[in-house]
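**Student:** For the sequence shown, position 206 (counting from the first letter as 1) is numbered 206 according to our numbering, and the numbering increases by one without interruption. Using N, Cα and C, we set each Cβ at its ideal position, and we do this for glycine too. Since the model is a prediction, treat every value here as computed from it, not as a measurement.
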Amino acid sequence: MADAATPDRPAEALTFPQGFRWGAATAAFQIEGSTREGGRGESIWDVFTRTPGLVIDGSNAELAADSYRRYRDDVALLAGLDADDYRFSISWPRVQPGGTGPANEAGLAYYDRLVDELLAAGIAPVPTLYHWDLPQELEAAGGWLNRDTAYRLAEYAGLVVDRLGDRVQRWITLNEPAMTTLQGYALGSQAPGHALMMGSLPTAHHQLLAHGLAVAAIRERGDAEVGITNNHTLMVPATDAPADLFAAGAFDLIYNRIFADPVLTGAYPDLSGFGLEAMPGLEDGDLELIGAPLDFYGINFYNPTRVAAPAEGSEFAAAGLPFEPVEFEDVATTGFDWPIMPETFTELLVSFARDYGERLPPVVITENGASFPDEVVEEAVDGGVQRTVHDERRIGYLDEHIAAVRRAIDEGVDVQGYYLWSLTDNFEWAEGYTQRFGLVHVDFETGERTPKDSYAWYRDRIGSSRG
Ligand code: IFM
1 MADAATPDRP AEALTFPQGF RWGAATAAFQ IEGSTREGGR GESIWDVFTR
51 TPGLVIDGSN AELAADSYRR YRDDVALLAG LDADDYRFSI SWPRVQPGGT
101 GPANEAGLAY YDRLVDELLA AGIAPVPTLY HWDLPQELEA AGGWLNRDTA
151 YRLAEYAGLV VDRLGDRVQR WITLNEPAMT TLQGYALGSQ APGHALMMGS
201 LPTAHHQLLA HGLAVAAIRE RGDAEVGITN NHTLMVPATD APADLFAAGA
251 FDLIYNRIFA DPVLTGAYPD LSGFGLEAMP GLEDGDLELI GAPLDFYGIN
301 FYNPTRVAAP AEGSEFAAAG LPFEPVEFED VATTGFDWPI MPETFTELLV
351 SFARDYGERL PPVVITENGA SFPDEVVEEA VDGGVQRTVH DERRIGYLDE
401 HIAAVRRAID EGVDVQGYYL WSLTDNFEWA EGYTQRFGLV HVDFETGERT
451 PKDSYAWYRD RIGSSRG
């Protein structure tokens, strides 16, 4: 593992192929705030955050990073990085407050302004159409358990593309459908908070169908590039024992392959090990839509997962699941206690190129980053006082993970871009404001922004990568 770079010891120059795109990523609910402005409707996350005990610090996203009002500041920060792309998400309930019907003009107008501001700064907008903020009215009608939600998403996608498609060249349909299924519907640890375990599986299919229908809606409207963002983790068996190897394979299926295979190969993996003959909810014609060719495949990667056969009496065993994630031993971790193992990032990317071969379009890393407990310090500089954050550990994580991407490229994986999560600190879902991922510190009382050392480091990394 490479030594971590620090501000005093800049990262070694590491050039990337010409045309490689650098950027940063955010999501509407996590940064925008102003949840009652401009006719925005309610999403499942507004309801979740209001429910006592579900968000760890009892917070909500009414201010978040205040980006609805400060989007110009965010664009200026991106310009200061010399970023090529900005991956942000469009809030469905701003555009269609109840998830159906005509577009809300004030909602679209906000994204118009953001897109124009980005283009004026020379930054390409890369919107994600759906990053978890399902309109609550659709949840009341069954949410992602209801097949109709997929058709509603495609209709909403059409409204957005009709408005922004003259200026947006690259779209992402969905963000991390696996998390919606596993955390939102299987475990209930995220919105909408259902604990259905295997009963959550139809939500995976309905989201992927929504992806396929949205791809078709985008293609009907022009020649923009389109892709999906899936989050993937490398499964590491706890031991070589057959039971652990089987467990790692089973978790790989549920977490990675159910979401990657149909998109990349037009077929679901064999689910007979889970007692299923077919994916619940699958209908004729769905796989053609879901497997339609993409211009790029977005991968979010944060850490690997160590997997064992479920311990007797564990909640996994009780739920009848054939796997259980367990901790790595003696590995440094992020603020979230996620293991820092950059070599597994290379391994994951290489495994995708190997397993999917020519079916894998160019890869874009649509998220990668780390949370740490940052602290703002005030320092005397040139007779004045400067606020800053010395986040060496984040720099170390980023340095090693960007180098891991470079190694994957050397090993033949066609990776064409890297978007860092995240531009600013933000609302980290059920963890509230306890996990800071930003290059820029945000005071969650006032919205004030303070670039961290990692901001200058990433700017330099982008510059030196261009050779
Ligand atoms: O903040 C999230 C993001 O919304 C989706 N991917 C993982 C990030 C960090 O947990």
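#1: By DSSP's criteria, Pro-310 is part of a beta bridge. Which residues make up the other side?
#2: Helix, strand or coil, according to DSSP, for Ala-25 in the structure here?
#3: Where does Thr-450 sit, in a helix, a strand or coil, going by DSSP?
#4: So, at 7 Å on beta carbons, what are the nonlocal neighbours of Ala-157 in its own chain, with the 5 sequence-adjacent residues on each side left out?
#5: Taking the alpha-carbon positions, what's the Ala-150 to Leu-209 distance?
#6: Would you list the one or two residues that DSSP bridges to Val-226?
#7: Would you identify the three-state DSSP class for Tyr-156, choosing helix, strand or coil?
#8: Just to check, is the beta-carbon of Trp-45 closer than 7 Å to a non-hydrogen atom of the ligand IFM?
#9: Would you say the beta carbon of Glu-347 comes nearer than 7 Å to a heavy atom of the ligand IFM?
#10: Return yes when the C-beta of Glu-32 is under 7 Å from any heavy atom of the ligand IFM, and no when it is not.
#11: Please return the same chain residues whose Cβ sits closer than 7 Å to the Cβ of Leu-54, not counting the five positions on each side in sequence.
#12: CB of Asn-175 to nearest heavy atom of the ligand NAP: below 7 Å?
#13: Under three-state DSSP, which class holds Asn-60?
#14: Give, in chain order, every unbroken run of the beta strand (DSSP E) that is at least 3 residues long and sits entirely within the region 83 to 154.
#15: What runs of the alpha helix (DSSP H), each 4 residues or longer, lie entirely inside the region 267 to 310?
#16: Would you please state the rounded distance, in angstroms, between the beta carbons of Leu-145 and Leu-234? I believe it to be under 8 Å.
#17: Taking all protein chains shown into account, do 16 or more other C-beta atoms lie within 10 angstroms of the C-beta of Gly-298, making it buried, or fewer, making it exposed?
#18: Check for me: the alpha helix (DSSP H) holding Pro-325 runs from which residue to which?
#19: I need the DSSP call for Gln-386, collapsed to helix, strand or coil.
#20: Contact check, Ala-24 vs Leu-439 under 8 Å by CB: the rounded distance?
#21: In the DSSP assignment, what are the bridge partners of Trp-45?
#22: Answer yes or no: the CB of Ala-24 versus the heavy atoms of the ligand IFM, is any distance below 7 Å?
#23: How long is the line joining the alpha carbons of Val-226 and Glu-283, rounded to whole angstroms?
#24: Is Phe-246 near Pro-177, with beta carbons less than 8 Å apart?
#25: Measuring CA to CA, which of Gly-98, Arg-359, Gly-99 and Asp-425 is closest to Ser-261?
#26: Could you name the residues of the same chain whose beta carbon sits closer than 7 Å to that of Leu-423, not counting the 5 residues immediately before and after it, in chain order?
#27: Which of helix, strand or coil does DSSP assign to Glu-329?
#28: The ligand IFM heavy atoms versus the CB of Ala-120: any closer than 7 Å?
#29: Between the alpha carbons of Arg-459 and Glu-400, how many angstroms are there, rounded?
#30: Is Arg-87 closer than 8 Å to Val-126 when the C-beta atoms are compared?
#31: Whole angstroms are fine: how far does the CA of Pro-293 sit from the CA of Pro-342?
#32: Using DSSP bridges, identify the partner residues of Ala-318.
#33: May I ask you to check if the CB of Phe-437 is nearer than 7 Å to at least one heavy atom of the ligand IFM?
#34: What are the boundary residues of the alpha helix (DSSP H) that Tyr-185 is part of?
#35: Using only the alpha-carbon positions, how far apart do Met-1 and Ser-59 sit?
#36: When you compare the region 329 to 340 with the region 264 to 281, are there three or more beta-carbon pairs, one atom per stretch, that lie closer than 8 Å?
**Tutor:** Looking at the atomic coordinates:
#1: Beta-bridge pairing links Pro-310 to no other residue.
#2: strand
#3: strand
#4: Leu-129, Ala-214, Ala-217 and Ile-218
#5: 6 Å
#6: Trp-171
#7: helix
#8: no
#9: no
#10: no
#11: Phe-48, Gly-193 and Ala-430
#12: The model depicted lacks the ligand NAP and carries the ligand IFM instead.
#13: coil
#14: 85 to 89 and 124 to 130
#15: 286 to 290
#16: 30 Å between Cβ atoms; not a contact.
#17: buried
#18: Run containing Pro-325: none in the alpha helix (DSSP H); it sits in the beta strand (DSSP E), 324 to 326.
#19: strand
#20: 7 Å
#21: Partner(s): none; Trp-45 has no beta bridge.
#22: no
#23: 24 Å
#24: no
#25: Note that residue 261 is Asp in the sequence shown here, rather than Ser. Measuring from the Cα of Asp-261, the nearest candidate turns out to be Arg-359.
#26: Ala-24, Thr-26, Asp-74, Leu-77, Leu-78, Gly-438, Leu-439 and Val-440
#27: coil
#28: no
#29: 16 Å
#30: yes
#31: 30 Å
#32: In the DSSP output, where bridge partners are listed per residue, Ala-318 has none listed.
#33: yes
#34: Note, Tyr-185: premise wrong, no alpha helix (DSSP H); not H, not E.
#35: Here the model assigns Met-1 a pLDDT of 40, short of 50, so the residue's position is not dependable and the matter cannot be decided.
#36: no
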